Amino acid sequence: MSKLDWLGYGTHSPVQYTNLPALSDVADILQHTLAIIRTIQNAECPVNRLPVEVLGNVFHFTPIGYDLGDSFPLQDRPDEYVCNPYNYLALQHVCRYWRRTLDLQPAASSTILLQKRYYRDKGPSAALVDHWLERSNTVPFTVYISVLRHFEVIAKQSGRLKRLHVYLNRDKSNAHILAEFRKLDQPAPLLESLEIDIADDDSSNLPLLFGGDISRLRKVRLAGIMSWQVNQFRGLTHLWLEGFLYEHSEELSVEPFQHLMDTLRDCPDLEEFHLECPHPWIPDWTEANDDRPQIVGDVLNLRKLHQLALRSPITLSQARSLFQYLHIPPGAVVSIVGPDIYLHQHVYQIISEHPEHFDNLDGPLTVTVQADEYCAITIEGPSGRLFISPSSRIQSDSFSAFNHIQTFPFRARVQELVVIGSPDPEETVFTINWRQVLASLPSLAKLHILDSEGMYNSDVLRILMFVPITASAMPNEVSLPCPLLRDFRVSQDVKLEYDDPRSFLYDLLACAAYRHKHGQPLRIVKVEPYRESALETAQDNVPARMCMLGALGSYIESVEFVQG
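For what it's worth, this note's numbering labels the leading residue of the sequence shown as 1, then goes sequentially.
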């Protein structure tokens, strides 16, 4: 070696490999010597002075320690092209101490992300994934997978699988996808959460997973999956189903609806049920054709259900079909977002057909209506809540929440009405029939109008002292709307006009005097800002303000003007 001319070494060097028969032994010695030197150097690094337990905790903050969180379904998916098995391999090759720490602290690498690292990548090799899972010992692990590979490797370790999230773009045939899922044929007794999302407008039929041995499975989300094996999902507490964006068949059979309800019957302890785009399971129907789907079985009562969410695209008839066979228990929160409501329909049809199925609307109720062109409505009481927000695509009867309230089966329980906002007159021609609304609420005790422009104030006050001309001649029989109304509040962002006879304050004064005279007085009146800060009262208006407060105080126990 000492004779080697380093500067002249190359293909024409006089020194040949055959002249150094022990070269391979020397190379081996040098390699191990270098490894020992690096180990000694690494041992002197400050980070390697940390105990194994502390260093293992540090690994939680590297890509191998990616935490998907406990939310169901996933709220934050991993960034695209993040594949942490490569990071695991890199950490293993830092030094022996780090490799030993990874072996002793497998919980730091209990979540594996199987994704592409770039557009045309196929994902990590099966050997690398198998290596990770083998080294993680007996710790339960979570898998996030967005490549159609490695299902057989996961199946080998499925006895430790705790959570499985599968997100696939349909770049393979349906048969190919199902063939991969069939590889998940080994028991998964520790599996608690399963998400399968196949992004496409087509359907898949899920084969039997893990041989049906998923006794601890409680949370399931399926998107792009139309059907699954009978009794495959039993004892769930959370179920989330997403259908397809487009209708593929005008003549859907009743079997998928029966399949859906049978699955719910297998989950008597269900706590949350989310159904988005229910078309594959619940057929749409019309009253004229009388083609409502009929299924076998009694009304289903999920006693532990506390959240039910239906999301668009959904029709009113589909919602009615579901509630025909589903009983809502006390304490449940029901939300229906985006139902298409046409001219001949109204939101209360969802409830009025089977009011006995809505135990969550028992007791005194508060109705809150978003009085814009979409008219979302919230009905809330001590036993639960119902929220309905009609589709923004359908504006034929935007004010059905108001103008059909007389069909609300629990209207006699409504004690508080909150009206928020007002429509843009350039966007809609519909108006609110306040006389009909207030006449339909005999138990109303509190009315709160939140409108920055104060558009409804005068109309409402005039209706509150409305008496038909036929009754005005019989003062002993006068019956005012909302006889129990005692609390009236207004929130607006415009100044109060104290000397203008067109101001709603004069309607308020007249209403207060009239209702006081007939023994149905207002007891609390409050005018406050809506979205903006309170406006100051001009110095010139202070005397008129005081006079108005004094006049109202003659008929009302508590009058407060927070707005200027």
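Glycine included, each C-beta is placed from N, C-alpha and C at the ideal position. Note that the structure is a prediction, hence the values are computed from the model and not measured.
Taking C-beta separations shorter than 6 Å and ignoring five residues to either side along the sequence, the partners of R292 in its chain run W285, following chain order. Counting only unbroken stretches of 4 or more residues, the alpha helix (DSSP H) elements lying wholly within the stretch 297-380 are 316-324, 349-352, in sequence order. Residue nearest to Y348 within the set V334, Q406, H306 is Q406 (criterion: CA-CA distance). Contact holds between the stretch 355-367 and the stretch 325-339, because three or more Cβ pairs, one in each stretch, are under 8 Å apart. One alpha carbon belongs to L508, the other to L444, and they sit about 18 Å apart. Nearest in C-alpha terms to K446, of all of V490, L236, L275, is V490. With distances taken between CA atoms, G69 lies nearest to L164 out of P124, L164, Y119. In this model, M226 and T263 are separated by some 13 Å (Cα to Cα). For Q258, there is no enclosing beta strand (DSSP E); the residue is found in the alpha helix (DSSP H) stretching over 255-265.
Between the stretch 308-328 and the stretch 368-377 there are fewer than three C-beta pairs closer than 8 Å, too few to call the two in contact.
Counting along the chain, the unbroken beta strand (DSSP E) around S227 starts and ends at 225-227. Looking only at Q563, R216, L236, the smallest Cα-Cα distance to P187 is reached by R216.
Bridge pairing for L386: V334, I379 [DSSP]. Within the same chain, Cβ atoms closer than 6 Å to the Cβ of E532 are found at D493, the five residues on either side in sequence being excluded. For Q294, there is no enclosing beta strand (DSSP E), as DSSP gives it neither H nor E.
Between the beta-carbon of S24 and that of G65 there is about 41 Å, and that puts the pair past the 8 Å contact cut. Under the 8 Å Cβ criterion, the stretch 185-199 does not count as touching the stretch 122-138, having fewer than three qualifying pairs.
Taking 8 Å as the cut-off, the beta carbon of L480 is found closer than this to the beta carbon of M465. Put simply, the stretch 48-58 does not touch the stretch 139-158. Fewer than three CB pairs are less than 8 Å apart.
With contacts defined as CB atoms closer than 8 Å, V254 and P283 qualify as a contacting pair. A distance below 8 Å between beta-carbons, with the five flanking residues on each side excluded, links L300 to the following residues of its chain, in chain order: M261, L264, R265, Y325, L326, H327. Comparing C-alpha distances from H32 to each of E528, R77, Y118, R96 shows the shortest one belongs to R96. Contact between S312 and S391 holds: their C-beta atoms lie close to 6 Å from each other, under 8 Å. DSSP, reduced to helix, strand and coil, places D28 within a helical segment of the structure shown.
F151 and R303 have their C-alpha atoms some 37 Å from each other.
Ranked by how close their Cα comes to the Cα of I524, the residues S558, H518, T138, H516 have S558 in first place. Runs of the beta strand (DSSP E) lying entirely within the stretch 472-511 and spanning at least 3 residues, in chain order: 487-491. Within the same chain, Q229, Q232 come within 7 Å of L208 by CB-CB distance, once the 5 residues on both sides are set aside. The continuous beta strand (DSSP E) containing S558 extends over residues 558-561.
Our two residues, K517 and S554, have alpha carbons roughly 11 Å apart in a direct line.
For Y86, no beta strand (DSSP E) segment is defined; the enclosing uninterrupted segment is the alpha helix (DSSP H) at 85-92.
Residues V559, F561 of the same chain have their beta carbon placed closer than 8 Å to that of L549, with the five preceding and five following residues left out of the count. Counting the other Cβ atoms within 10 Å of the Cβ of G123 gives 16 or more, which makes it buried.
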